[in-house]
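Top line first, the protein sequences correspond to chains W and H.
Using this note's numbering, read the first sequence as starting at 1463 and increasing by one per residue.
Using this note's numbering, read the second sequence as starting at 41 and increasing by one per residue.
From the three backbone atoms N, C-alpha and C, an ideal C-beta is built for every residue, glycine too.
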Amino acid sequence: AAGVIQSPRHLIKEKRETATLKCYPIPRHDTVYWYQQGPGQDPQFLISFYEKMQSDKGSIPDRFSAQQFSDYHSELNMSSLELGDSALYFCASSLGQGFGYTFGSGTRLTVV
Amino acid sequence: LAKTTQPISMDSYEGQEVNITCSHNNIATNDYITWYQQFPSQGPRFIIQGYKTKVTNEVASLFIPADRKSSTLSLPRVSLSDTAVYYCLVAFNQAGTALIFGKGTTLSVSS
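Pasting the structure below:
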């Protein structure tokens, strides 16, 4: 069965650079969620989109922005990267009502 | 969102039944209870979800008392591969509602 696809799997950036993470939800899923998980920490919710509109917002820094496109894939844009942004970034998708969250394998971002 | 409290860690041996209890005293009427499993460097994986009483699937059972202020995830006959972090989440089952992860329970299974 198709899963949530995240790209890239690994990314190394320098401080103050920008990064773009991509998420391709399960076909027909219309809701996308982004999470950040630092080393040894629990996943922190960043932002979510339902039917291409922002539906919920968590602890997303102002330096980050995200959107969901017409094909339902989503991109998380991160600017002025800081060392503390080094983390695993997970995307999850679901179909409207009900959870049935499925998480992707994540993108490991390392800021040096 | 209802706050959840779980034990930080639990230890078990292969073949034993493991019960992880989660407290959610301020759960709302429309909230569902969902459990996820996470292995290192992998995305959380859905285990089971319930609203009240008992739910069972091929990997676990979820027990929810009548007052719904707590829930217990039961893993029968654990194996080494069940070593992971387990998260209890409570949220309204509505499109776009984000699941907020609290502190999970690190389960260590030994041989």
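Residue from the options with nearest C-alpha to residue i
{"i": "L1543 of chain W", "options": "W:S1567, W:V1466, W:T1482, W:D1533", "result": "W:T1482"}
{"i": "C1485 of chain W", "options": "W:K1477, W:G1546, W:F1531, W:S1517", "result": "W:F1531"}
{"i": "P84 of chain H", "options": "W:T1564, W:E1513, W:V1574", "result": "W:T1564"}
{"i": "Q89 of chain H", "options": "H:S151, H:V149, H:L129, H:N66", "result": "H:L129"}
{"i": "G1546 of chain W", "options": "W:F1507, W:G1500, W:S1469", "result": "W:G1500"}
{"i": "T69 of chain H", "options": "H:A106, H:T45, H:V118, H:C62", "result": "H:A106"}
{"i": "S1521 of chain W", "options": "W:E1537, W:A1464, W:L1508, W:E1513", "result": "W:L1508"}
{"i": "Q1516 of chain W", "options": "W:F1552, W:Q1529, W:G1465", "result": "W:Q1529"}
Spatial neighbours of residue i in its chain, beta-carbon cut-off 8 Å, leaving aside the 5 residues before and after
{"i": "A131 of chain H", "result": "L41, A42, D71, Y72, T74, T137, A138, L139, I140"}
{"i": "T1572 of chain W", "result": "H1472, L1473, I1474, K1475, S1548"}
Cutoff 6 Å; reference residue i; Cβ partners in own chain excluding five residues on either side
{"i": "R1570 of chain W", "result": "H1472, L1550"}
{"i": "Y47 of chain H", "result": "In the sequence as presented, Tyr is not what sits at residue 47 of chain H; that position holds Pro. Around P47 of chain H: T145."}
{"i": "Y91 of chain H", "result": "Y72"}
{"i": "Y1495 of chain W", "result": "S1510, A1554"}
{"i": "Y127 of chain H", "result": "Y76, F141, G144"}
{"i": "S1527 of chain W", "result": "N1539"}
{"i": "P1505 of chain W", "result": "Y1497, Q1499"}
{"i": "S101 of chain H", "result": "S114"}
CB of residue i within 8 Å of CB of residue j, strictly
{"i": "S1555 of chain W", "j": "P1487 of chain W", "result": "yes"}
{"i": "K109 of chain H", "j": "F103 of chain H", "result": "no"}
{"i": "S52 of chain H", "j": "V149 of chain H", "result": "yes"}
{"i": "L120 of chain H", "j": "S81 of chain H", "result": "no"}
{"i": "V118 of chain H", "j": "E54 of chain H", "result": "yes"}
{"i": "T44 of chain H", "j": "H64 of chain H", "result": "yes"}
{"i": "N59 of chain H", "j": "T112 of chain H", "result": "yes"}
Other residues of its chain near residue i: CB distance less than 7 Å, five sequence neighbours each side excluded
{"i": "G1558 of chain W", "result": "D1492, T1493"}
Cutoff 8 Å: residue i Cβ touching any chain H Cβ
{"i": "F1507 of chain W", "result": "yes"}
{"i": "L1473 of chain W", "result": "no"}
{"i": "L1483 of chain W", "result": "no"}
{"i": "F1526 of chain W", "result": "no"}
{"i": "F1531 of chain W", "result": "no"}
{"i": "G1500 of chain W", "result": "no"}
{"i": "D1518 of chain W", "result": "yes"}
{"i": "Y1495 of chain W", "result": "yes"}
{"i": "Y1551 of chain W", "result": "no"}
{"i": "D1547 of chain W", "result": "no"}
{"i": "S1555 of chain W", "result": "no"}
Closer than 8 Å to chain W by CB, residue i
{"i": "Q82 of chain H", "result": "yes"}
{"i": "F152 of chain H", "result": "Absent from the model: residue 152 of chain H. The displayed extent of chain H is 41 to 151, so no value can be given."}
{"i": "F86 of chain H", "result": "yes"}
| field | Entirely enclosed beta strand (DSSP E) segments - the segment 1476-1556 of chain W, minimum 3 residues | value | Runs found: 1481-1486, 1493-1499, 1506-1512, 1515-1519, 1526-1530, 1536-1540, 1549-1556.
| query | Can you list, in chain order, the stretches of the beta strand (DSSP E) that have 3 or more residues and sit fully within the segment 80-129 of chain H? | reply | Listed in chain order, the complete beta strand (DSSP E) runs (minimum 3 residues) inside the segment 80-129 of chain H are 85-90, 93-96, 101-104, 110-115.
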